[in-house]
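Inspection log for the structure reproduced underneath, given as structure tokens.
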Amino acid sequence: MSVAESVTVLLAAPRAFCAGVERAIEIVERALASRGSPVYVRKQIVHNAHVVADLESRGAVFVEELAEVPAGATVVFSAHGVSPVVRAEADRLGLEVFDATCPLVAKVHTEARRYADRGDTVLLVGHAGHEETEGTLGEAPERMLLVQSLEDAHTVQVPDPHRVSYLTQTTLAVDETAEVLDVLRQRFPALRGPSSADICYASTNRQTALRTVAEESDLVLVVGSTNSANTQRLVELARRAGRPAHLIEDAAEILPEWLVGVTTVGVTAGASAPPRLVEGVVEALRARGPVTVVEREVARETIEFTVPGAVRSL
């Protein structure tokens, strides 16, 4: 792309931070303001390197496990949730806990306990190793099975096919998850599930918006971190639509060769990415030549999640 060429930037909307992410960050910020540094955070509060670096600069200390936290210290549980085992360990260590679990993830945990308590085998559609999945499985490990793929859906075995339920990780691809659930319903006609979808509104909205933008784009740039599941799903969605797509942490990762011959660039960001990073991408494209910015809004998000009462009182 030469500096003389005009480029249209299509901004997918909604994009970037969701209500659950904003709530989690606010909880850490309030804890720091009240307790001072250090405030420990188990795992990344949300999956974004810029967010983590900013909070670290203000006194947050990120740890992998509670064994790294001094007894009696203040700790925040990340937006992805934790298992009962982790909560019990925090109690044993006498930690002051502020829980930043996204309310939509907490809903899945509640459903897992309810389904297991009624005697069902619970099929959790999700990705092994993801913190959200690990936390949900921990609610009833003896009654839950992880289904990661269509192959798993075709082969998973349950003790009683008449007593089986399903749940899903909140950050999955809507289309691919629907295919997995179709197979499970065919194999287990008695399959029961939640009254409302577990895939969160933010993941769904960002995928719908990205799909609209990708249809018109020569190139798609998705802003976010590689360990962000919902962000990875956006990249995959664009590529399934036949568009070149790249996941970038920020504007500094844009390679000039990606832009050769490109006249329309679709831009979005995962739910854990700060909006300012999208603004930086647009400015970086402007620095290369004339740019027209057009927003494609498919939904307007008005949901807000209040912080827990213990945090509001700080």
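Each residue of the sequence shown is one higher than the last, beginning at 1 in the UniProt record's numbering.
Even glycine gets a Cβ: it sits at the ideal position worked out from N, Cα and C.
Going by beta carbon distance, what residues of the same chain come within less than 6 Å of valine 220, once the five residues before and after it are set aside?
By one-based count along the sequence shown, residue 220 stands at place 220. So the qualifying residues of the chain are Ala214, Ala238, Arg243, Ala245, Gly266.
Residues in its own chain within less than 6 Å of glutamate 47 by CB, not counting five upstream and five downstream?
Position 47 of the sequence shown, counting from 1, holds the residue named residue 47. Note that residue 47 is histidine in the sequence shown, not glutamate. Ser225, Asn227, Ser228, Ser272, listed in sequence order.
Cβ-based neighbour list, alanine 71, same chain, cut-off 7 Å, excluding 5 preceding and 5 following
Numbered from 1 along the sequence shown, position 71 holds the residue referred to as residue 71. Sequence-distant partners of alanine 71 (beyond 5 residues in either direction) whose C-beta falls short of 7 Å from its own C-beta, in its chain, are Leu93, Gly94.
Quick one: give me the first and last residue of the beta strand (DSSP E) that alanine 12 is part of.
By one-based count along the sequence shown, residue 12 stands at place 12. Here the beta strand (DSSP E) through alanine 12 covers 7–13.
Rank Leu314, His162, Val298 by C-alpha distance to the C-alpha of leucine 210 and give the top, closest one.
In the sequence shown, the residue the question calls residue 210 occupies position 210. The candidate whose alpha carbon is nearest that of leucine 210 is Val298.
So alanine 269 and valine 278 are supposed to be a Cβ contact under 8 Å. How far apart are they, rounded?
Numbered from its first residue, the sequence shown carries residue 269 at position 269. Numbered from its first residue, the sequence shown carries residue 278 at position 278. Sure, about 5 Å apart at Cβ, within 8 Å.
Taking the continuous alpha helix (DSSP H) assigned at glutamate 29, which residues delimit it?
One-based indexing of the sequence shown puts residue 29 at position 29. First-last of the alpha helix (DSSP H) with glutamate 29: 19–35.
Please confirm whether valine 262 and valine 7 have their CB atoms less than 8 Å apart.
One-based indexing of the sequence shown puts residue 262 at position 262. One-based indexing of the sequence shown puts residue 7 at position 7. Yes.
Beta strand (DSSP E) segments (min. 3 residues) lying fully within the region 164–238
Assignment of beta strand (DSSP E) within the region 164–238, counting only whole runs of 3 or more residues, yields 164–168, 219–223 in chain order.
First through last residue of the beta strand (DSSP E) which encompasses residue 395:
Limits of the chain in this structure are 1 at one end and 314 at the other, which puts residue 395 out of reach.
Could you check where the alpha helix (DSSP H) with glycine 289 kicks off and where it finishes?
As a working note, residue 289 is residue 289 in the sequence shown. Segment: none, glycine 289 is in no alpha helix (DSSP H) and carries neither H nor E.
Using 8 Å as the Cβ pair cut-off and three pairs as the minimum, do the region 102–116 and the region 159–178 touch?
At 8 Å Cβ cutoff, the stretches touch.
Taking the Cβ atom as the reference point for each residue, do threonine 171 and arginine 233 lie within a distance shorter than 8 Å?
Within the sequence shown, residue 171 is the residue found at index 171, counting from 1. Within the sequence shown, residue 233 is the residue found at index 233, counting from 1. Contact: yes.
What three-state label does DSSP hand threonine 264 in the structure shown?
As a first step, residue 264 is located in the sequence shown; it is residue number 264 there, counting from the start. DSSP places threonine 264 in strand when its eight states are reduced to three.
So, helix, strand or coil for valine 61, using DSSP?
As a working mapping, residue 61 is identified with position 61 in the sequence shown. Reduced to three states, the DSSP call for valine 61 is strand.
Note down, in chain order, each residue of its chain lying with its Cβ closer than 8 Å to the Cβ of valine 307, except the 5 sequence neighbours on either side.
Position 307 of the sequence shown, counted from the start, is the residue given in the question as residue 307. Cβ neighbours of valine 307 within its own chain (closer than 8 Å, five residues either side excluded): Arg23, Glu26, Ile27, Arg30.
Grab the span of the beta strand (DSSP E) containing leucine 259 for me, first residue to last.
Here residue 259 refers to the residue found at position 259 of the sequence shown. Segment: none, leucine 259 is in no beta strand (DSSP E) and carries neither H nor E.
Which of helix, strand or coil does DSSP assign to aspartate 99?
One-based indexing of the sequence shown puts residue 99 at position 99. Strand.
Following the continuous alpha helix (DSSP H) through threonine 136, name the residue where it begins and the one where it ends.
Taking the first residue of the sequence shown as 1, we reach residue 136 at position 136. It spans 131–137 - the alpha helix (DSSP H) in which threonine 136 sits, taken as one unbroken run.
When burial is assigned at 16 or more other CB atoms within 10 Å of the CB, is serine 203 buried or exposed?
Counting from 1 along the sequence shown, the entry for residue 203 is found at position 203. Result: buried.
DSSP beta-bridge partners of alanine 73
Taking the sequence shown and counting its residues from 1, the one referred to as residue 73 is at position 73. Note: alanine 73 sits in no beta bridge, so no partner.
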